[in-house]
Each structure stands twice: as structure tokens, then as C-alpha cells.
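There are 2 protein chains.
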Amino acid sequence: MNTPNRRILIIGGVAGGATCAARARRLCETCEILVFERGPHVSFANCGLPYFVGDVIESETKLLVASPDVFTHRFNIGVHTETEVTRIDRHARTIEMRDLKTGAMRQEPYDALVLATGAKPVRPPLPGIDLPGIHVLRTIPDSRKIKAAAANASRALLVGGGFIGLEMAENLVGLGLEVTLLELADQVLPPLDPEMAAYAAERLKSRGVSLRLGEGVAAFERHPERGLNVLTSKGETIAADLVILGIGVRPESALAADAGLELGALGGIRVDEYMRTSDPAIWAVGDVVEVKNRVTGEWQLVPLAGPANRQGRVAATAILHHFSYGDDGTPPPLKFEGVLGTAVCEVFGLTIACTGANEKQLRRAGMNYQEIFLHPGHHVSYFPGAKPIHMKLLFSETDGRILGAQAVGELDVARRIDVIATAMMQGASVFDLEDLELCYAPQFGAAKDPVNLAGMIAANHLRRDLPLADWEELATTPALLVDVRSETEFAGGHIPNARNLPLETLRDRLHELPQDREIWLICGVGQRAYYAFRLLMQNGLQVKVLSGGMQTYQARMHAGG
Amino acid sequence: MNTPNRRILIIGGVAGGATCAARARRLCETCEILVFERGPHVSFANCGLPYFVGDVIESETKLLVASPDVFTHRFNIGVHTETEVTRIDRHARTIEMRDLKTGAMRQEPYDALVLATGAKPVRPPLPGIDLPGIHVLRTIPDSRKIKAAAANASRALLVGGGFIGLEMAENLVGLGLEVTLLELADQVLPPLDPEMAAYAAERLKSRGVSLRLGEGVAAFERHPERGLNVLTSKGETIAADLVILGIGVRPESALAADAGLELGALGGIRVDEYMRTSDPAIWAVGDVVEVKNRVTGEWQLVPLAGPANRQGRVAATAILHHFSYGDDGTPPPLKFEGVLGTAVCEVFGLTIACTGANEKQLRRAGMNYQEIFLHPGHHVSYFPGAKPIHMKLLFSETDGRILGAQAVGELDVARRIDVIATAMMQGASVFDLEDLELCYAPQFGAAKDPVNLAGMIAANHLRRDLPLADWEELATTPALLVDVRSETEFAGGHIPNARNLPLETLRDRLHELPQDREIWLICGVGQRAYYAFRLLMQNGLQVKVLSGGMQTYQARMHAGG
Chain Z
0 MNTPNRRILI IGGVAGGATC AARARRLCET CEILVFERGP HVSFANCGLP YFVGDVIESE
60 TKLLVASPDV FTHRFNIGVH TETEVTRIDR HARTIEMRDL KTGAMRQEPY DALVLATGAK
120 PVRPPLPGID LPGIHVLRTI PDSRKIKAAA ANASRALLVG GGFIGLEMAE NLVGLGLEVT
180 LLELADQVLP PLDPEMAAYA AERLKSRGVS LRLGEGVAAF ERHPERGLNV LTSKGETIAA
240 DLVILGIGVR PESALAADAG LELGALGGIR VDEYMRTSDP AIWAVGDVVE VKNRVTGEWQ
300 LVPLAGPANR QGRVAATAIL HHFSYGDDGT PPPLKFEGVL GTAVCEVFGL TIACTGANEK
360 QLRRAGMNYQ EIFLHPGHHV SYFPGAKPIH MKLLFSETDG RILGAQAVGE LDVARRIDVI
420 ATAMMQGASV FDLEDLELCY APQFGAAKDP VNLAGMIAAN HLRRDLPLAD WEELATTPAL
480 LVDVRSETEF AGGHIPNARN LPLETLRDRL HELPQDREIW LICGVGQRAY YAFRLLMQNG
540 LQVKVLSGGM QTYQARMHAG G
Chain X
0 MNTPNRRILI IGGVAGGATC AARARRLCET CEILVFERGP HVSFANCGLP YFVGDVIESE
60 TKLLVASPDV FTHRFNIGVH TETEVTRIDR HARTIEMRDL KTGAMRQEPY DALVLATGAK
120 PVRPPLPGID LPGIHVLRTI PDSRKIKAAA ANASRALLVG GGFIGLEMAE NLVGLGLEVT
180 LLELADQVLP PLDPEMAAYA AERLKSRGVS LRLGEGVAAF ERHPERGLNV LTSKGETIAA
240 DLVILGIGVR PESALAADAG LELGALGGIR VDEYMRTSDP AIWAVGDVVE VKNRVTGEWQ
300 LVPLAGPANR QGRVAATAIL HHFSYGDDGT PPPLKFEGVL GTAVCEVFGL TIACTGANEK
360 QLRRAGMNYQ EIFLHPGHHV SYFPGAKPIH MKLLFSETDG RILGAQAVGE LDVARRIDVI
420 ATAMMQGASV FDLEDLELCY APQFGAAKDP VNLAGMIAAN HLRRDLPLAD WEELATTPAL
480 LVDVRSETEF AGGHIPNARN LPLETLRDRL HELPQDREIW LICGVGQRAY YAFRLLMQNG
540 LQVKVLSGGM QTYQARMHAG G
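Chains Z and X, in that order, give the protein sequences.
Following numbering that gives the first Met the number 0, the numbering of the first sequence begins with 0 at its first residue and continues without gaps.
Following numbering that gives the first Met the number 0, the numbering of the second sequence begins with 0 at its first residue and continues without gaps.
And the structure:
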């Protein structure tokens, strides 16, 4: 593309902004490309910050994915750090900026402008919020401050149980601190449903984190001797040397709003599928934009690195297409078609991963769905070291389309969610999951992989080969609850009012079961209940199965459900 | 389905046969289901045998996936082990069998018959092949014999470098034996292409295995003192206390052939997509059947557990459908639509996985394809412990459809092949791989996952944003070879005749490059060459890139290419 002397200005030089700049250079050797970044670093590894605090990543320079030097010499991109853009003049196509070191103001003209201004951590206006010792974690300087504070601290309080809160809990425990985690909701990890988040909560507690769910901060005060007193919404006081707020981020869209660009209801910049804003000369990428959820179609804020990078690539491609062809009606070759929200996090050896929509989102969007639970080993049980993966799959009751998946376990969890995310990107159904041909050797899975199993259970339900009972109705159902585990297993703990008829005895004890009352079957993880279902159904009884068995029951109990 | 007293007889009780029996019971409580197995065990973990020999799996009972007791009491399935079926009378719909313990013969009538007779290890008719000390590994008794022999052995010789050969090499080295591996082909692991198999070969050698490629067995002789002398095709003599043949398996289709069922050219039973043979009352599943390759459409023998299990499920479903509806034209609800050949194996900490077709298969099928190589870390480099994954992706030059993938590395290799296999099952193209939204946190991958990168490189090639040079033509091309790595890297080793122009200096040294001669670019893994390509191409030069850089060059050198 021959477009000499066109100027692409990019505000924000991390993730989406950095990718956009590098891609623009690959597409256009003659364009002038400038990046303006308020902070001291471009292209740093935001996601690595908790591990830098925890000394897992030892050197700060490791966090710099691409140095300004690489930008300058490899890509011929002008990088201006510690430079704050203060105004966009859309009419004149210029931006105004302040050099934060000298205070000097200047202007730069653009042909295309990219807003990659990111998001900033939420700091609620609580009494005492500006006291020393209260931190957020977003930048390398933030992490340096927390690292220094942690070196002299023995008690840390984390506010918010999202990904960053959990990763910080692990890292601060690793540094030897006593850690309390407050979360206002009744679960950690909002992208998961409560019974799946319960596994992470149990893991936190088992490693000594004092986890307080349903409890937020009311105010901060100076502690009489050192550090802070944190007053909670339940009227309690917790002493802490160090507080980290991890209650989410908000798009840095003020500059866009001031310029009159269209924003969405959640405060992010509204863009089309080529990442173009309501101004045809301005594009936006990364945490500052709202994106469409691929499952629900709803606008969402998804501050994740993967989508930000892809958006940077899409925006650069669209800009160069625009330079070459104007707006002649031909679409740019790359599109951003929304997010699934695939995410993963590790806490104390437990991997938590998810993709697509969760139940909360599906209910909010008014979509019909069915859920199943399963608890297979990450590989065959006969090979040493098998660890369970707790899985939940959400799918359309109408056509079997996969709507979302959540998984928790110690090994190979991301692999299963990646497979399901890939299937979802192709619009696959649970019937497709049944047939997937995945890697199998004893140390790598099973001839029926956990993902195949999830597909089979869901498909069996849809074919009416395995009708599922609704866990939500367990407390109120008039059905007879039959537990088909062994007598020993049953004696070790069971659901109140359940009756024990071990699977192996069922054929001889059919007469003990009612013909005129629905029967709900439960076992350890769901497999024996499935066998029992097939047996009883073919004998004319009215039967349903509780998906995931006692393992799911216990997770639901932990989640308070 | 109400079909009292129908009889389903299944010949062979491992993998496909066992699955078929259990599924048939779930679908039909009133059918009579009998399994006949020549060996002493049904439903045992064939894939675990090398690890049982190596004491990784300590107890033999672990290898029994489902005991005869489970078959009898849980599933009400009659299991007859050590019973050899000797004849099928298709006209009378009976089979004839011999009790191997008593020698007694009897007959059983069937309504539906399933052949799950498996495959048997190839024993070539070489001089001395029947001497004591020459083993195959297929059953639990085989593994017991090898285990006993290994306990008194110090030198083992393995014939054949496939999955079993490599797994046995690892396990025998683990037991302290000196191991020699003979492979007649010039590479190990036939499902891979040579330059990818070379990584496994290097690993074997680095752990002390004496690997002899391009060398087979000519004859076996008694060793004057103990064990055997193995005479090789190169005229050498190797002394061994223990020999294991791992040169493949052949379908056990004699019973089917004798009964006049249609076989394929490879000797496997020919079935339709419901696993039905040429006789409408006989189905066949597992290693004894030929299956269609999903990529090339060619008939193939694929002795893998995953497909065998799915086939068992499909056959049982088809049989019960047949019982209920006869052949009224409605298709059974499950189909087997062929195999990708997804497979994985671990050897000395290195994982080797593949899916789809390899170059050899594509060439044989006359399909047009393009290849790319890449060598990303299994997670971001800034997080400690990143290990490279060497990947090869094959795709259609016409429309970008993914045709196959191979990957080798220490961590998270199966995950990437599973993702690509899932995409392939949905008919995805390399453009779809670009957009996949996969799990990312520093310890789990990268914002651009290795699979995304593979998609981007391939898609860039197809969009003509990154034209690839053909590695096969490297020795003969008139193009100028330019290595864009640093001077230090170049000094550490480079391709003969390559000229060094570091990427960072290219913009200033454009005049040193010819306008009238094609330029081929190379770097470490391909990334810098891509940047250099974009720069030179936009300056009007004729440029191509060598995919995978020096890493691929070295792998090809190791493979003798």
C-alpha cells in the first residue's frame, strides 16, 4: 500500500496499542507512527505483575515485552512515554498533549487516531480511601510500591475476589504474609457460577487465606500503631499493613467522551467490527471499548489481553485499508466479531478456566439453557497421578448449541476449556463434542476425553436418553430420591431423605420402587445414576438423574446453595 | 425400545467390543448380550501395558478397566473369556466357538453379531523369529512375560520406532536396561514428517538409547552364552537378552474373511458409517476395520482406542435401531464419520502429538498443500519455565482449510493439537485459527497463543502478506539468502552462503540488496524474517521467508534433509 507520510497516532502503548502500532508498521513502511503513553513504559506485561510482586518473576526488565528501543529501531515507531494526551480536536484532526516531565504542551496532527487508553482500577469513594497503604495493581510502578510495602508488612488485606485478588492472595501468602480477602458478593471469581467458584474458595481457605464472602469495606482508618484499620460492611475491624483494591476496572474513556465520541451504557467506547468509533478517523481498542458477547449478543466490558491484541491487529488493518481505499464500500480484510470471554487463572495449584456465558449472564439475557456437571479425571485412573476436573457445561435446550463452560482442577484444565472455546467459535453443538477426536495416551487423557464425556451427557439429555433433574428443585421436589451408590459410600454421607439402592441390586429390587411417583437418581459423579436410569426407564418407571452426583451436591453446599 | 430376547453377540471384549456391549445394555434392558474373548481378560487397558512393564503402573489389577464382575452384575452381560470363536455361519446366524480351557466346542445363535477381534502384532517370517526371548506387547500376559524377562536382562533390542517402540524404550531405560532401537525407515514415528520426528530421535539418543535408523532385522540367532544375537540388514550383529517387536499390527480379520464378509485392500473389514459390514446382521468395530481418513478420504487402518470406543457406541446404537425399525430407511442417530488420526505419545519428557494428514499422506493423495513451521514458547517468555513447542501446520493452498498439524515439546503440546483437531472437525481454516479465543494467563500461554500464531503465519501467507519459500529448494535456489539475526547469532552458526544483515540495520542498508534477484529471508524462528519481509517488500524487492527459521533448518539437518 503506497501511502506516504500518512500519520497514525496511537494513545496508549500497552497490549492493544502496542500491537496496533507494530501491525501498522508491517502494513505500511512509509507511514509515520507515533505512540503516546502516560506511564513510563510501553508494551509491558500487565498480566505478570502479581508474579513480579511475589518474586516468581524476579527481574523487572522481564516485564518489558518490547523495549522502546525495539519500537524505535526495529519498527521505526516514535514512542513518547510520560506523555499525557489531554484533548482531541476532531475537526482539526489534532491531539494536544502534555509532557509529564517538563509540563510542556504541544499538538500533533493525525490522519488516523487510535484510542488504546485502557482502563483504570476502581477506587470507591470510601472514608479513608486516600490513606497511605492502600494500593491498586495496574502498572509496573504500582507493583514496585506493593513489593516495597509487602517487604515490611505482615498482614495484607485484599478487597475483591476476582482474578487479580486471587493471584495476589497466592503471591502474598508466598511472601509469608497473613492474607485476608474481602468480597462483597457471596462468591469469588464473578465469571464463574457459585458452585464452581466454591472450589477456588475452598482452596484459598485450605492455604490459610482468611476469606470473607458477603463482606465489603465500609471505611479505612489509621491503625493506632502501624498500618490501617479496615472497617467492614459487617461492622468488624481488621488490621492490615497493606491493602490492595482489586474490585475491577473502569474504561479510561474521558478523552473520548470529551471529544463527543459515542460511548456505550457501560462507559466504554462504542466501536464497529473494524474497531472504528463514531468518528471515521478514530479507532479504539482494548480495555477502553465495549465488545459484543458472542453468546448473548450483549455489550460487555472484557479487559483481557487476548482480545486487546486481536483488536489492535484489526484496527491497524482497517486503518491501512482506509488509507488505500477510502470508504469505497470494500470491507477491510480483518474483523473483530466479539468475545467469548475465555479466561484462566491459577491459585495455589488449582486452575480455574471458563469460556462463553455463565448462568448469571444467560438468565440476564433471557436465554433458555440446560446445565450439566461432571467430574472426570484429567487422565485415565489407571495411570498414576490422575486429578479430577470439575466441569460445568451450559448449552441450548433447543438445538444443543454450546453456550458456556467452566472447569476447575489441578491439571490440564485450560486444555479442555480451549477445546470447548474452539468448538464454540465454530458454532458447534454438544453433539459435535461427542465426536471430537482428541489426544489420548494414558498420561494425557482418556479414550473418552472429559470433553467427549461432557458432550455425551448433554447429548444424551437432548435425545431424552438421560433426562436431567433440576438441582434448584432438590429441596422442594415431591420425587423420591434414590442413591445408587454402595452401602458403604452411602453411609459415608448422603442427601437427607435419600434412599439407598445400590446399582448392582437394582434389577432384583425393582418392586421396591414406586410406579406412580417420579424418581430422582444420584450417585458419586453421575455415571452409575445414568446406568440406573437406563435400567429403570426401560422398566417403565418415571426417572430423572441429578447431574454430577454427590460431587456436585457438595460443591453446591459449599457455595451455600 | 421393546425388543425382548434379541441376542447380541460380540466377539472381542476390549475397547470397542466392551464399549459396544455396555452401550447396548444401556439401550436395551431386555436384550441378551454375550461377549466372547479369546484372551483371559476383557476391557483391559492396552495403552497402559508399556507402563506396567516399566513399573510406572504398579499393579496389574489397575489395568482392568472393568472386571468381568462389573459386566455381570452391573450390566447383566455374559462374559466368556478364553473362548475362541472359530466360525460364523451367516446363513444360520450362529457362531461356533471353542472353550480354550476344556477344548469343548459349542454354538450360539445371534440376532446381531459384532466383530471386535482387534489386530495382532506383525511377526515377520525371519530366520529365528520363534526363538525364546522375542516378544510382542499386546496383552496382559505379553506384558507379564516381558516384565519377567526384563528383570533378568541387561540389554534390550526394540524393533520398530512407532509409539510402542518409543514408550518401551523409555520404560526399559527406566528399568536400567541398555536399549537399542532398530527402525528400517529413516525416521521414527511414522505419523510425523521426518523433520518433526527428528526431535524425538534426538531425545532418545540424549537419554542413552542406541538409535539405528535405516536398519532392520535380517535374522535372529542364539547367542553362544545367553540371549540372542540379532543380525541386522546392514550386516551387523547386536547381542540382546530381550527383543520386542513393535513393527505394527494387522487386523484380525480371518474370521470375517472366512465368512465371506467384504474386506478392504489393507485387510481390514469394510464397514459403512454405522459400522455395518457387508452382511446386514453383522457389525464390526475397532482395530479390525478400515476407516476413512477425514482429510484425504482414503481408507486407513487406525488402531487407536478413541476411535474404537466411538465405533462401539455407534455400532450398538445402529443395532438397537435395526431391532426397532428394521431397515425402514430411517438412519440410526449416531454415525462414525472417519478419523483424523489424532495421536499423542510421551518419551523421556518430550510430548509428540499430531492430528490430520502428514505430508507423506497428502502427497500420496495428490492433495495440494502448504506447510509452515513455528517454535513458540508454551507460555510467555517472561514467566519462568517457558519451553518451546515445535509446530508444523499443513493447510490447503486453495482455501486455507487445515489439513494436519504436528507438535513436539515438553509442556502443553497435547493442548495445542487438541485445539487444532477440534477446529478441523468443524472444517475450519487457518483464518479461523487466527481468531480463536483461548485461555491466557502468564503460566498458561500467551495473548497470541501458539495456535493463533500458527493461524496468523498461514493466513499471512495466503493473503500474500508473507510469501513462503520452499525449504525443499534451499539447496538449489538462485535466490540470495539473507539472515536478519544479530551478528553474534550469525557467528554462532548459519546456513552456508547466507549473508548477514541484522533486522535493525536493514532500513539503512537497503542499497546493499539486489533489485533483480529474489531474496530469501531467515532468522531464528521466523518472526524477524517476517518483519524484514514487510520492510523489503514495501521497498519493491522480491522477497520470501523461510518458515520456522534456523530452528527448522536444524531440525531438517537432523532429519537428514
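Even for Gly, the Cβ is constructed at its ideal location relative to N, Cα and C.
{"query": "Closest to X:Leu274 by CA distance: which of X:Ala150, X:Leu171, X:Cys30, X:Ala111 is it?", "result": "It is worth fixing the name first, because residue 274 of chain X is Met in this sequence and not Leu. With distances taken between Cα atoms, X:Met274 lies closest to X:Ala111."}
{"query": "Work out the CA separation of X:Gly159 and Z:Ser142 for me, nearest whole Å.", "result": "55 Å"}
{"query": "Excluding five sequence neighbours on each side, which residues of the same chain lie with their C-beta closer than 7 Å to the C-beta of Z:Lys100?", "result": "Glu81"}
{"query": "Going by DSSP in three states, X:Gln186 sits in which element: helix, strand or coil?", "result": "coil"}
{"query": "Tell me which residues share the same chain as Z:Gln405 and place their Cβ nearer than 6 Å to its Cβ, disregarding the 5 neighbours each side in the sequence.", "result": "Leu191, Met195, Cys353, Lys391"}
{"query": "Taking just the CA atoms, how far does Z:Phe532 sit from Z:Glu517?", "result": "12 Å"}
{"query": "Compute the distance between the beta-carbons of Z:Gln550 and Z:His374, then report whether it is under 8 Å.", "result": "yes"}
{"query": "Could you have a look at X:Ala406 and say whether DSSP puts it in helix, strand or coil?", "result": "strand"}
{"query": "Pull up the distance between the alpha-carbon of X:Gly47 and that of Z:Pro441, whole angstroms please.", "result": "6 Å"}
{"query": "Quick one, which of X:Ala497, X:Asp431, X:Val429, X:Gln425 has its alpha-carbon nearest Z:Leu435's?", "result": "X:Gln425"}
{"query": "Between the Cα of X:Phe35 and those of X:Val481, X:Leu63, X:Phe70, spot the shortest distance and give me the residue it belongs to.", "result": "X:Phe70"}
{"query": "Going along the chain, which residues of its own chain have a beta-carbon closer than 8 Å to the beta-carbon of Z:Gly226, five neighbours each way excluded?", "result": "Gly132, Ala152, Arg154, Ala238, Ala239, Asp240, Leu241"}
{"query": "Are the C-beta atoms of Z:Leu520 and some chain X residue less than 8 Å apart?", "result": "no"}
{"query": "Note the first and the last residue of the continuous alpha helix (DSSP H) segment covering X:Ala413.", "result": "412 to 424"}
{"query": "Would you please verify whether the beta carbon of X:Asp417 is less than 8 Å from any beta carbon of chain Z?", "result": "yes"}
{"query": "If I measure Cβ to Cβ from X:Asn170 and keep anything under 6 Å in the same chain, skipping five residues before and after, which residues do I get?", "result": "Pro49, Val52, Gly53"}
{"query": "Do X:Ala422 and Z:Thr341 have their C-beta atoms within less than 8 Å of each other?", "result": "no"}
{"query": "Apart from the five residues on each side of it in sequence, which residues of its chain come closer than 7 Å, Cβ to Cβ, to X:Met455?", "result": "Glu433"}
{"query": "So, at 6 Å on beta carbons, what are the nonlocal neighbours of Z:Arg527 in its own chain, with the 5 sequence-adjacent residues on each side left out?", "result": "Val483, Leu502"}
{"query": "List the whole-angstrom C-beta distance separating X:Tyr381 from Z:Lys61, where the pair is believed to meet the contact cut-off of C-beta under 8 Å.", "result": "4 Å"}
{"query": "For the segment 281 to 310 of chain Z, which residues have a CB atom closer than 9 Å to at least one CB atom of chain X, in sequence order?", "result": "Arg293, Leu303, Ala304, Gly305, Pro306, Ala307, Asn308, Arg309"}
{"query": "Can you tell me which of the three DSSP states Z:Gly117 falls into?", "result": "coil"}
{"query": "Please list, in chain order, the chain Z residues whose beta carbon lies closer than 9 Å to that of X:Asn170.", "result": "Here the premise fails: no neighbours, minimum Cβ distance about 12 Å."}
{"query": "In the DSSP assignment, what are the bridge partners of Z:Phe372?", "result": "Z:Lys391"}
{"query": "Given a threshold of 16 other Cβ atoms within 10 Å of its Cβ, counted over all protein chains shown, does Z:Met556 qualify as buried or as exposed?", "result": "exposed"}
{"query": "Rounding to the nearest angstrom, what Cα-Cα distance links Z:Val64 and X:Arg498 in this structure?", "result": "29 Å"}
{"query": "Provide the residue span of the beta strand (DSSP E) that contains Z:Thr85, from first to last.", "result": "82 to 88"}
{"query": "Residues of the segment 389 to 422 of chain X with a CB closer than 7 Å to any CB of chain Z: list them in chain order, please.", "result": "Ala413, Arg414, Ile416, Asp417, Val418, Ala420, Thr421, Ala422"}
{"query": "Beta carbons nearer than 7 Å to chain A: which residues of the segment 464 to 493 of chain Z have them?", "result": "Absent from the structure: chain A. Protein chains present are Z and X."}
{"query": "Taking CB distances under 8 Å as the criterion, tell me whether X:Ile9 reaches chain Z.", "result": "no"}
{"query": "Considering Cα atoms alone, identify which of Z:Ala457, Z:Leu534, Z:Gly492, Z:Glu486 is closest to Z:Ser546.", "result": "Z:Ala457"}
{"query": "How would you call X:Ser58, buried or exposed, if buried means at least 16 neighbouring beta carbons within 10 angstroms?", "result": "exposed"}
{"query": "If contacts are defined as beta-carbon pairs under 8 Å, then X:Ile32 and X:Ala17 qualify, I think. What distance do you get, rounded to the angstrom?", "result": "Incorrect: roughly 11 Å between the Cβ atoms, too far for contact."}
{"query": "Comparing alpha-carbon positions, which option in Z:Ala445, Z:Ile87, Z:Val84 lies nearest X:Asp343?", "result": "Checking the displayed sequence, the identity of residue 343 of chain X turns out to be Val instead of Asp. Among Z:Ala445, Z:Ile87, Z:Val84, the Cα nearest to that of X:Val343 is on Z:Ala445."}
{"query": "Okay, do the segment 113 to 121 of chain Z and the segment 279 to 295 of chain Z touch, 3+ Cβ pairs below 8 Å being the bar?", "result": "yes"}
{"query": "X:Val301 to X:Leu174, Cα distance in whole Å?", "result": "30 Å"}
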